[in-house]
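Comments concern the structure below.
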Amino acid sequence: MTYNIGVIKGDGIGPEIVTEAVKVLDAVGAKFGHQFNYNEILMGGCSIDTTGEPLTDEAIEAAKASDAVLMGSIGGNTSTSPWYKLPADKRPEAGLLKLRKSLNLFANLRPAYLYEELKEACPLRDDIIGEGFDMMIMRELTGGLYFGERSTKEENGQLVARDSLTYSETEIRRIAKRGFDIAMKRRKKVTSVDKANVLDSSRLWRKIVEEVAADYPEVSYEHMLVDNCAMQLVKDPGQFDVILTENMFGDILSDEASMVTGSIGMLSSASLNDTKFGLYEPSGGSAPDIAGKGIANPIATILSAAMMLRYSFDLDAEADAIESAVKKVLKDGFRTIDIMPRDGSNVKQVGTVDMGTLIVERL
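Per the working numbering, the sequence shown starts with residue 37, numbered consecutively.
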């Protein structure tokens with residue numbers, strides 16, 4: 037089979053980690069008899085430098101013409117980069133928001149899984165970790181506060197800023213259905229997170245989730261306020277299977293979940309629309325402070341490529357092979373600097389390129 041993949045290398049460590057993911061995909065193609073064709077697409081700071089825009093219409097069309105898109109990271113140092121002296125709609129992150137909206141990528145999947153070999157990197161106590169945890173955070177990605185009307189203007193002699201949080205029944209229902217569908221393939225539990233004690237949007241969210249839950253009698257579900265969920269993630273992360281939530285809450289909770297795994301450099305993500313199309317990227321940022329040093333962890337991007345094979349191409353065996361190879365590398369004692377144990381015993385530190393090579397060797 038032949039698959040056309042749009043590739044957004046982005047900024048900072050993006051080109052380094054995407055290069056390793058492509059290397060792994062090519063090895064998978066050779067092993068399983070697939071052809072992966074790549075079309076490089078500019079987005080973020082590199083696009084600003086080249087075109088003056090964080091994302092051009094031509095780039096959007098190139099993404100739409102792909103079977104899926106694999107992305108690195110975008111953006112730079114917000115305090116020193118000239119990109120952040122531009123208006124908000126011209127900054128690197130504006131390109132990502134525009135791409136999500138243009139491609140209708142409403143469902144964001146962020147797995148948070150604790151590898152046995154990385155328990156040492158988890159900041160939680162052993163009695164809290166227990167036998168580990170394996171959760172999927174389902175975040176609504178194209179609605180809510182990030183896409184609502186906003187303004188900053190002077191009123192009565194002072195500046196007043198407004199941001200609107202808006203959700204429709206349709207937006208809530210489609211992400212809820214996707215969340216319950218994912219739960220059916222996992223441990224059949226959904227925790228719907230909201231702020232229904234304060235927000236009208238959350239009260240509507242809760243109402244629609246309950247209606248959707250009625251169609252999934254095999255799935256148990258519960259409602260949880262977002263502040264309680266933030267506490268429970270560090271108190272008892274093993275209780276969660278699928279966390280279903282809106283855009284801003286999901287943004288915050290998924291980053292918190294990433295840190296209890298020990299390193300954000302281990303966490304993949306997928307953003308899906310109503311078809312098989314998806315955008316796949318690591319959960320971490322562009323890390324401009326380590327860009328070019330060859331020490332960035334490429335595993336999250338490589339696991340994102342595995343998610344692409346699974347969710348967009350239905351290549352489950354190929355995705356399993358990548359995930360298994362990652363586990364073997366960790367079991368064999370190889371680590372990038374971000375996941376090195378405190379005492380450094382019985383493991384060997386490797387760089388970005390070597391980590392990609394080690395994973396290829398174990399496919």
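Just so it is clear, CB atoms sit at the ideal spot from N, CA and C, and this is done for glycine as well.
This structure is a prediction, so every number in the text was calculated from the model and none was measured.
Run through DSSP, which three-state label would residue i get?
i	result
S277	A small fix is needed here, since residue 277 is Asp in this sequence, not Ser. In the structure shown, D277 sits in coil (DSSP, three-state: anything other than H, G, I, E or B).
R186	strand
D310	coil
T178	coil
P147	strand
S290	helix
M376	coil
V60	helix
Y316	strand
A342	helix
M391	helix
I53	helix
Would you report the Cα separation of residue i and residue j, rounded to the nearest angstrom?
i	j	result
A232	R210	19 Å
A249	L261	18 Å
K312	R346	10 Å
S360	F276	23 Å
N309	S117	32 Å
N73	D85	26 Å
Y436	E191	Absent from the model: residue 436. The displayed extent of the chain is 37 to 399, so no value can be given.
I338	G50	12 Å
D374	L195	42 Å
K45	Y39	18 Å
L269	P377	22 Å
S109	G320	7 Å
I244	L133	25 Å
G126	E254	For the record, residue 126 in the displayed sequence is Lys; it is not Gly. About 46 Å.
A327	M302	17 Å
Given residue i, which residues of its chain have a CB within under 6 Å of its CB, disregarding the five upstream and five downstream residues?
i	result
Y252	F216
S237	L201 and Y203
G392	E56, K59 and P334
Quick one: using the 10 Å Cβ neighbour count with 16 as the cut-off for buried, is residue i buried or exposed?
i	result
A293	buried
M37	exposed
K221	exposed
I48	Just to set this straight, residue 48 is Gly in the shown sequence, not Ile. Result: buried.
T372	buried
N75	exposed
E185	exposed
V280	Checking the sequence shown, residue 280 turns out to be Leu, not Val. Classification for L280: buried.
M172	buried
V234	exposed
T188	exposed
G166	exposed
M267	exposed
S381	exposed
T297	buried
Over what stretch of residues does the beta strand (DSSP E) that includes residue i continue unbroken?
i	result
L351	Per DSSP, L351 belongs to no beta strand (DSSP E) and is neither H nor E.
T227	K225 to D230
K45	T38 to G46
M302	Segment: none, M302 is in no beta strand (DSSP E) and carries neither H nor E.
E97	Where E97 is concerned, there is no enclosing beta strand (DSSP E), although the alpha helix (DSSP H) it sits in stretches over D93 to K100.
A197	Q194 to D199
Excluding sequence positions up to five away, which residues of its chain have a Cβ less than 7 Å from the Cβ of residue i?
i	result
L405	With the chain represented from 37 up to 399, any question about residue 405 goes unanswered, as that position is not in the structure.
L181	D199, L201, N283 and M284
State the start and end residues of the unbroken alpha helix (DSSP H) segment that holds residue i.
i	result
E76	Run containing E76: none in the alpha helix (DSSP H); it sits in the beta strand (DSSP E), Q71 to E76.
S238	D236 to A249
R209	E205 to M220
S83	G81 to T87
G131	P128 to S138
L269	V262 to K271
Between which residues of its own chain and residue i is the CB-CB distance below 8 Å, once the five residues before and five after are set aside?
i	result
I218	L145, M172, M174 and V278
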